[in-house]
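Asks: Please see the structure below; I have some questions.
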Amino acid sequence: MVKSSNVAVHSHIKSLGLDEHGIPIKVANAVVGNDNAREAAGLIVDMVKSRKMAGKAVLISGPIGCGKTALAVGISCELGPETPFTTMSGSEMYSSEIKKTEVLQEALRRSILVKIRELKDIYEGEIVELKIVDEDNPLCSYSKKVKEMFITLKTTKESKRLKLSPMLHEQIDKQKIISGDVVYIEMSSGIIKKLGRSEAHMNDFDLEADAYVPIPKGEVQKRKEVIQSVTLHDLDMANAKPSGQDMLSLVFRILNPKKSEITDRLRGDVNRMVNEYMERGNADVIPGVLFIDEVHMLDIECFTFLHKVLESPLSPTIIFASNKGDELIRGSDGVAGCFGITKDLLDRVVVINISGNDAESNKEILRMRMNEEGLEMDENAFDVFAKLSVSRSLRYCTSLVPLLKTYGKVIAVEDVEEISTLFQDD
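And the structure:
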């Protein structure tokens, strides 16, 4: 059975299509056309990576279907998974439970990553022996309960026998830890983590699901640097709502399903804690990118809030996108502004203009979409299909690609004509 998955609108984009000097080139699975916009986006990527773009704003403007979101996806791919990239739409700001500015604040803090370094005392090694001692359960005569556990860990240098609390049995049972596994045990918290199967047991089975790891070197008990990557919003939520697993916490969550706001005081405490970690050299802050599509849907309160955010020392790079020209600013009693944005915020924004795609660019994009969807089409049919992208729209043609795939054959001219007759774009 062939495993299938949904293909997203921009899943074919893997990069901006730039060389090592930031010059636009033609490569597979990249943003097509608009060389100046791609080069400008490459400069934005370099600035974000060097952490010199924090607290700055960029606006991507252009007509409908010209590739504004595609350019933002290309920026996200170039930044990589280490830099947070949060995407939202201007229409998401309106909620009956929390304020508009709270939605914006959460998105902004999701776009700032904190890498916390911590030195922890741990036990690490290959399990040579795992012994579980049972005893009768006084509450039930038909069952046993764990009394104590003994585990022997071995490294290349030594071996050590440890006595574990019966409370840790659940972790061992859940991860299916057995002799021959390499584990990591935190001394302070008692967290047990299975790292994999020891390479010494590589030939025990012909097929095995576990990954093989080398036997740890040095002593069993050691001090190790652990790096945890969390966003500021994760830290806010961890302090606002501690996630207890007891029955009272679960009932409280059921009885209070509404989303509550995080107070400014709590966020200030989190910021001070992060600053203290940074002063001690135990944390790094990585400002990411917040992409707000359809920015003209925001109102004057949101624009005022964003203007204040850009002046703060802890702010990500904000990328706006709009397909409007002169537009009435929401909530301003008839005041118009370029792209539907207030003038004071627009003065802080650099603009990247994108023009509409030409026929050749449409052809390249359609070929990439067809390759992504696994659709085969003969040349005559493809020429007709490409002409449709000019006479109607590129979005219309890309929406027809999955429909043409249902034909289950190499698409001919008559198939394209039939599908364009069945489905209209207006």
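The numbering of the sequence shown is my numbering, which starts it at 1046 and goes up by one.
For glycine and all other residues, C-beta sits at the position ideal for the given N, C-alpha and C.
This structure is a prediction, so every number in the text was calculated from the model and none was measured.
If you run the structure through DSSP and keep just helix, strand and coil, what is F1468?
Replies: Reading the sequence shown from its first residue, position 423 is the one you call residue 1468. In this structure, F1468 counts as coil in the three-state DSSP scheme.
Asks: Counting beta carbon pairs with one atom in the region 1316-1327 and one in the region 1091-1111, are three or more of them shorter than 8 angstroms?
Replies: These segments do not touch.
Asks: Going by C-alpha to C-alpha distance, which of H1055, C1111 and M1194 sits closest to S1438?
Replies: Indexing the sequence shown from 1 puts residue 1438 at position 393. Considering only alpha carbons, the answer is C1111.
Asks: Does DSSP put V1461 in a helix, a strand or coil?
Replies: Here residue 1461 refers to the residue found at position 416 of the sequence shown. V1461: helix per DSSP, three-state reduction.
Asks: In chain order, which beta strand (DSSP E) runs of at least 3 residues are fully inside the region 1405-1458?
Replies: DSSP runs (the beta strand (DSSP E)) wholly in the region 1405-1458: none.
Asks: Considering only the beta carbon of each residue, do E1264 and E1203 sit closer than 9 angstroms?
Replies: Position 219 of the sequence shown, counting from 1, holds the residue named residue 1264. Position 158 of the sequence shown, counting from 1, holds the residue named residue 1203. Taking 9 angstroms as the Cβ cut-off, E1264 and E1203 qualify as a contacting pair.
Asks: Alpha carbon to alpha carbon, how far is G1119 from H1057? Give it in angstroms, no decimals.
Replies: Walking along the sequence shown from the start, residue 1057 turns up at place 12. Walking along the sequence shown from the start, residue 1119 turns up at place 74. Their backbone Cα atoms lie some 10 angstroms apart in a straight line.
Asks: Identify which residue in P1447, D1064 and K1176 has its Cα closest to the Cα of E1417.
Replies: Position 372 of the sequence shown holds residue 1417. Closest option to E1417, Cα to Cα, is P1447.
Asks: On the criterion of 16 or more Cβ atoms from any shown chain inside 10 Å, does F1250 qualify as buried, or is it exposed?
Replies: As a working note, residue 1250 is residue 205 in the sequence shown. Exposed is the call here.
Asks: Please list the terminal residues of the continuous alpha helix (DSSP H) segment that includes G1119.
Replies: Looking up residue 1119 in the sequence shown gives position 74. Start and end: K1113 to L1124.
Asks: Would you mind stating whether L1240 and V1258 have Cβ atoms separated by less than 9 angstroms?
Replies: As a first step, residue 1240 must be located in the sequence shown, where it is residue number 195. As a first step, residue 1258 must be located in the sequence shown, where it is residue number 213. A contact, by the Cβ cut-off of 9 angstroms.
Asks: How long is the line joining the alpha carbons of G1453 and H1055, rounded to whole angstroms?
Replies: Mapped onto the sequence shown, residue 1453 falls at position 408. Mapped onto the sequence shown, residue 1055 falls at position 10. C-alpha separation (whole angstroms): 23 angstroms.
Asks: With 16 other CB atoms within 10 Å as the buried threshold, where does G1370 fall?
Replies: Within the sequence shown, the letter at position 325 stands for residue 1370. Counting Cβ neighbours within 10 Å, G1370 comes out exposed, since fewer than 16 surround it.
Asks: Of the residues E1405, H1352 and V1148, which one's Cα is nearest the Cα of S1136?
Replies: Translated into the one-based positions of the sequence shown, residue 1136 becomes position 91. Closest option to S1136, Cα to Cα, is V1148.
Asks: Starting from M1247, trace the alpha helix (DSSP H) in both directions and tell me its first and last residue.
Replies: Locating residue 1247 in the sequence shown gives position 202, counting from the first residue. Where M1247 is concerned, there is no enclosing alpha helix (DSSP H), given that its DSSP letter is neither H nor E.
Asks: Need the endpoints of the beta strand (DSSP E) that D1281 sits in, please.
Replies: Numbered from its first residue, the sequence shown carries residue 1281 at position 236. Premise fails: D1281 lies in the alpha helix (DSSP H), L1277 to A1285, not in any beta strand (DSSP E).
Asks: In the structure shown, what three-state DSSP assignment does R1096 receive?
Replies: As a working note, residue 1096 is residue 51 in the sequence shown. If DSSP states are grouped into helix, strand and coil, R1096 belongs with coil.
Asks: Cα separation between P1261 and H1214?
Replies: On the sequence shown, position 216 is the one that residue 1261 refers to. On the sequence shown, position 169 is the one that residue 1214 refers to. Going by the C-alpha atoms only, they are around 23 angstroms apart.
Asks: Figure out for me which residue from I1337, D1470 and G1087 has the closest Cα to the Cα of V1435.
Replies: Translated into the one-based positions of the sequence shown, residue 1435 becomes position 390. Of the candidates I1337, D1470 and G1087, the one whose C-alpha sits nearest the C-alpha of V1435 is D1470.
Asks: Leaving out five residues on either side along the sequence, give the residues of the same chain with a beta carbon under 8 angstroms from the beta carbon of M1247.
Replies: Numbered from its first residue, the sequence shown carries residue 1247 at position 202. Cβ neighbours of M1247 beyond the five flanking positions: Y1257.
Asks: Just curious, the alpha helix (DSSP H) that D1166 is in, first and last residue?
Replies: Your numbering for residue 1166 matches position 121 in the sequence shown. That residue, D1166, is in no alpha helix (DSSP H); its beta strand (DSSP E) goes I1157 to N1182.
Asks: Between the C-alpha atoms of L1154 and F1350, what's the straight-line distance to the nearest angstrom?
Replies: On the sequence shown, position 109 is the one that residue 1154 refers to. On the sequence shown, position 305 is the one that residue 1350 refers to. Note that residue 1154 corresponds to Arg in the displayed sequence, not to Leu. If you take the alpha carbons of R1154 and F1350, they lie about 14 angstroms apart.
Asks: Here's the rule I'm using: 16 or more other beta-carbon atoms within 10 Å means buried, otherwise exposed. How should D1179 be labelled?
Replies: Here residue 1179 is taken as the residue at index 134 of the sequence shown, counted from 1. It is exposed - the Cβ of D1179 has fewer than 16 other Cβ atoms within 10 Å.
Asks: Below 6 angstroms CB to CB, which residues in the same chain sit around V1395 once its five sequence neighbours on both sides are set aside?
Replies: Working through the sequence shown from its first residue, we reach residue 1395 at position 350. V1103, listed in sequence order.
Asks: Relative to the C-alpha of L1207, which residue among Q1216, F1195 and V1429 is closest?
Replies: Taking the first residue of the sequence shown as 1, we reach residue 1207 at position 162. Of Q1216, F1195 and V1429, the residue nearest in Cα terms is F1195.
Asks: If you follow the beta strand (DSSP E) that E1346 is in, where does it begin and where does it stop?
Replies: Here residue 1346 refers to the residue found at position 301 of the sequence shown. No beta strand (DSSP E) holds E1346; the alpha helix (DSSP H) holding it covers I1345 to E1356.
Asks: Can you list, in chain order, the residues of its chain with a C-beta nearer than 6 angstroms to that of D1064? Leave out the 5 residues immediately preceding and following it.
Replies: As a position in the sequence shown, residue 1064 is number 19, starting the count at 1. Around D1064: I1070.
Asks: Tell me whether L1061 is buried or exposed, calling it buried when 16 or more other Cβ atoms sit within 10 Å of its Cβ.
Replies: As a first step, residue 1061 is located in the sequence shown; it is residue number 16 there, counting from the start. L1061 is buried by the Cβ-count criterion.
Asks: Going by C-alpha distance, which of S1357, I1161, L1124 and Y1441 is nearest G1313?
Replies: Mapped onto the sequence shown, residue 1313 falls at position 268. Comparing Cα positions, the closest option is S1357.
Asks: If you run the structure through DSSP and keep just helix, strand and coil, what is E1044?
Replies: Residue 1044 falls outside the range modelled here, since the chain spans only 1046 to 1471, and no answer is possible.
Asks: Cutting at 7 angstroms between CB atoms, please list the residues of its own chain near K1388, excluding the five before and the five after it.
Replies: Sequence index remark: in the sequence shown, residue 1388 carries index 343 (1-based). So the qualifying residues of the chain are G1382.
Asks: Out of E1253, L1335 and P1211, state which residue places its alpha-carbon closest to the alpha-carbon of I1237.
Replies: Sequence index remark: in the sequence shown, residue 1237 carries index 192 (1-based). The candidate whose alpha carbon is nearest that of I1237 is P1211.
Asks: So is L1116 buried or exposed if we call it buried at 16+ other beta carbons inside 10 Å?
Replies: Residue mapping note: residue 1116 aligns to position 71 of the sequence shown, counting from 1. Per the 10 Å Cβ criterion, buried.
Asks: The alpha helix (DSSP H) that contains N1316, what's its start and end?
Replies: Translated into the one-based positions of the sequence shown, residue 1316 becomes position 271. Element bounds for N1316: D1309 to E1324.
Asks: Can you give me the C-alpha to C-alpha distance between F1130 and E1459, rounded to a whole angstrom?
Replies: Reading the sequence shown from its first residue, position 85 is the one you call residue 1130. Reading the sequence shown from its first residue, position 414 is the one you call residue 1459. When rounded, the distance between both Cα atoms is 43 angstroms.
Asks: Can the beta-carbon of I1172 be found closer than 9 angstroms to that of V1191?
Replies: Residue mapping note: residue 1172 aligns to position 127 of the sequence shown, counting from 1. Residue mapping note: residue 1191 aligns to position 146 of the sequence shown, counting from 1. In this structure, V1191 does not lie closer than 9 angstroms to I1172 by Cβ.
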